[in-house]
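Visitor: Pasting in a structure now, in structure tokens, and then I'll have a few things to ask.
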Amino acid sequence: MRKLFFFLLVSWISIVHGFTQRTDAAAGQLDSYPAPTPLANFKWKIYNPLSESSRYAIITHFISNNYSVVVPQKIQNIKVTKIDRNAFFRCGEMSQIVFPETLNDIGSSAFNRCYQLRRIVIPNGVSIIRESTFFKCSNLKEVILPDTINTIKEYAFSECKNLTHIIIPKEVREIESYAFSKCENLKTVKFLGDAPINVPNVFKGSQPILYRAKDSTGWEKLWSGRSVLLELEKIKN
Numbered sequence: 015m016r017k018l019f020f021f022l023l024v025s026w027i028s029i030v031h032g033f034t035q036r037t038d039a040a041a042g043q044l045d046s047y048p049a050p051t052p053l054a055n056f057k058w059k060i061y062n063p064l065s066e067s068s069r070y071a072i073i074t075h076f077i078s079n080n081y082s083v084v085v086p087q088k089i090q091n092i093k094v095t096k097i098d099r100n101a102f103f104r105c106g107e108m109s110q111i112v113f114p115e116t117l118n119d120i121g122s123s124a125f126n127r128c129y130q131l132r133r134i135v136i137p138n139g140v141s142i143i144r145e146s147t148f149f150k151c152s153n154l155k156e157v158i159l160p161d162t163i164n165t166i167k168e169y170a171f172s173e174c175k176n177l178t179h180i181i182i183p184k185e186v187r188e189i190e191s192y193a194f195s196k197c198e199n200l201k202t203v204k205f206l207g208d209a210p211i212n213v214p215n216v217f218k219g220s221q222p223i224l225y226r227a228k229d230s231t232g233w234e235k236l237w238s239g240r241s242v243l244l245e246l247e248k249i250k251n
């Protein structure tokens, strides 16, 4: 009788344990990063492959022209931290892309002339939007920048003709000339922080209204030739 009881108890524990494992696995899948685009669509490099602490992977080129792209978090179990310059240059059919949180650098002109790209969410860790990164992304309608951004380089969003508004994060201290030039439908630019360095022609060929946060400092009546208005309440993302 005792043997039968012990057998039933062990069986019950095994069933419960197995159920818990399956539940945990399912939860992990629900919360996980989306399935990445197959590696066959990318060219890539691994730097410092023998050093566990400093090795990293870079996407150097996208050799397909998919409608939707999910950049892998890891290649050969090594974190992808950078998209190289010109990596997605003229990917004319791509309309959406998902970046991993491992990413901390996007090279200049990486998405230059991606005409169908519609929405961009830059991950935390990226600090610079480099030269011409999204130049002539003419269908780009929404850009979400992380709090880690501090610099926006020249022509970064030039000729993004469907971009209507953008929020500039609090830590941004430098926006170079022509960063938002010829953005014909840009209506509002909201600054969450203090005034960046005032340079000419940031909005050359664009006519947005600029708003600053209530508690920000360093602002004058004009910034890069555009009037600056005070938000009645503190701007929030």
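Once you know that position 154 of the sequence shown is 168 in my numbering, the rest is easy, because the numbers rise by one and skip nothing. C-beta atoms are modelled at their ideal positions from N, C-alpha and C, and glycine is treated no differently.
Alpha carbon to alpha carbon, how far is Gln-221 from Pro-50? Give it in angstroms, no decimals.
Guide: Looking at the two C-alpha atoms, the distance is approximately 39 Å.
Visitor: Does the beta-carbon distance from Asn-138 to Asn-100 come in below 8 Å?
Guide: Against a cut-off of 8 Å, the Cβ pair of Asn-100 and Asn-138 comes out as no contact.
Visitor: Report the rounded CA-to-CA distance for Lys-201 versus Glu-107, giving the unit in angstroms.
Guide: Rounded to whole angstroms, Lys-201 to Glu-107 spans 27 Å at the Cα level.
Visitor: The beta strand (DSSP E) with Glu-145 in it runs from where to where?
Guide: Neither: Glu-145 is in no beta strand (DSSP E) and is coded neither H nor E.
Visitor: From Gly-232 to Tyr-81, what distance separates their C-alpha atoms?
Guide: Near 43 Å, if we compare the C-alpha coordinates of Tyr-81 and Gly-232.
Visitor: I need the DSSP call for Leu-154, collapsed to helix, strand or coil.
Guide: It is coil, neither helix nor strand.
Visitor: Quick check on the DSSP output: the beta strand (DSSP E) that includes Ala-71 runs from which residue to which?
Guide: Note, Ala-71: beta strand (DSSP E), 70-76.
Visitor: Identify whether Leu-243 lies in helix, strand or coil by the three-state DSSP scheme.
Guide: The answer is strand: DSSP assigns Leu-243 an E or B state.
Visitor: Taking the C-alpha atoms as reference points, what is the distance between Val-85 and Asn-79?
Guide: Taking the straight line joining both Cα atoms gives about 13 Å.
Visitor: Output yes or no for whether 8 Å exceeds the beta carbon distance between Thr-74 and Lys-88.
Guide: No, the Cβ-Cβ distance between Thr-74 and Lys-88 is not below 8 Å.
Visitor: With distances taken Cα to Cα, identify the nearest neighbour of Tyr-129 among Glu-145, Lys-96, Asn-176 and Ile-223.
Guide: The shortest Cα separation from Tyr-129 among Glu-145, Lys-96, Asn-176 and Ile-223 belongs to Asn-176.
Visitor: Taking 8 Å as the CB-CB cut-off, is Ile-136 touching chain D?
Guide: In summary, chain D is missing from the structure at hand, where a single protein chain is found.
Visitor: Give every residue of the same chain whose Cβ lies closer than 6 Å to the Cβ of Ile-142, excluding the five residues on either side of it in the sequence, and list them in chain order.
Guide: Around Ile-142: Thr-165.
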